[in-house]
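Numbering (the numbering used here), first residue to last: 13 to 226. Every residue gets a Cβ at the ideal spot worked out from N, C-alpha and C, and that includes glycine. Predicted model, so just to flag it, every value in this text is computed and none were measured. Only one structure is covered here, and it is reproduced in the block below.
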């Protein structure tokens, strides 16, 4: 603004039109900033970190395609694999599928009146507590685990190389050591049991999320 005023004084005729346009742009930007401040205050009062200005119930949905996204709803469908019929469906505004497995599997079981059920889902549904929730109510889930670790690419062992030994409460290390139980703590609502071997030159604890498998 100081530069604009200086330009007005030194070249009043030349910069009048340009000054007016810039002032209009600055006014618009300030209005947008006030609008954004108001939206930020609304966000601060909400548990979620997003607001839809067109449909209050819709949310931003996750997408695997780079640079794409949509604000809408997540439609869940359970299909009977024998007859290929839809037996349960649900419309939710949760942006991912990771928290939907147990709810949809139970809805499918109830719809088909099956005391026990096998539920198949893609890797987008992989979630430890959800898998345990299915097992707790007699539903056997089959969900591939997404491979997000880069340890294999770096030439190191990853969690798939450590098979739990229930009777000893230990994990055998492919390098010939045994990772023994050290302590338990809670993190993000999950019980984390930590294991490592005293013989490892650098201690990289093996973590087990949730209850110890049988």
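Go ahead and label residue 153 buried or exposed: buried means 16 or more other beta carbons lie within 10 angstroms of its beta carbon, across all protein chains shown.
buried
Please say whether residue 119 and residue 100 have beta carbons closer to each other than 7 Å?
yes
Contacting residues, own chain, Cβ-Cβ under 6 Å from residue 108 (five flanking each side not counted)
74
How would you call residue 209, buried or exposed, if buried means at least 16 neighbouring beta carbons within 10 angstroms?
buried
Which residues in the same chain as residue 103 place their Cβ atom closer than 7 Å to its Cβ, once the five residues preceding and following it in sequence are excluded?
85 and 87
Could you say which of 34, 41, 146 and 141 lies nearest to residue 128 if we only look at CA atoms?
146
Does the separation of the CB atoms of residue 113 and residue 133 fall below 7 Å?
yes
Pairwise C-alpha distance: residue 13 and residue 35
9 Å
So if DSSP puts residue 151 in a beta bridge, which residue, or which two residues, is it bridged to?
129
Of all the alpha helix (DSSP H) runs that stay within the bounds of the stretch 65-125, which reach a length of 4 or more residues?
113-124
For residue 22 and residue 38, I'd like the C-alpha separation in whole angstroms.
21 Å
Roughly how many whole angstroms lie between the Cα atoms of residue 166 and residue 158?
18 Å
Just the C-alpha distance for residue 206 and residue 58, rounded to the nearest angstrom, thanks.
35 Å
Suppose the cutoff is 6 Å on Cβ atoms and the five residues either side in sequence are ignored; what does the same chain contact list for residue 220 look like?
The predicted position of residue 220 is uncertain, since its pLDDT is 49 and thus under 50; a value taken from the coordinates is nonetheless stated next. Here the set comprises 205.
Residue(s) in a DSSP beta bridge with residue 203:
198
Taking the C-alpha atoms as reference points, what is the distance between residue 226 and residue 140?
For residue 226, the pLDDT reaches just 36, beneath the cut-off of 50, and the residue's location in the model is therefore unreliable, although a value from the coordinates is still provided. The alpha-carbon atoms of residue 226 and residue 140 are separated by roughly 15 Å.
Which full runs of the alpha helix (DSSP H) of 4+ residues lie inside the stretch 19-61, going along the chain?
28-56
From 124, 170, 195 and 155, residue whose alpha carbon lies closest to that of residue 95
124
In its own chain, which residues sit with a C-beta less than 7 Å from the C-beta of residue 195, not counting the 5 before and 5 after it?
206
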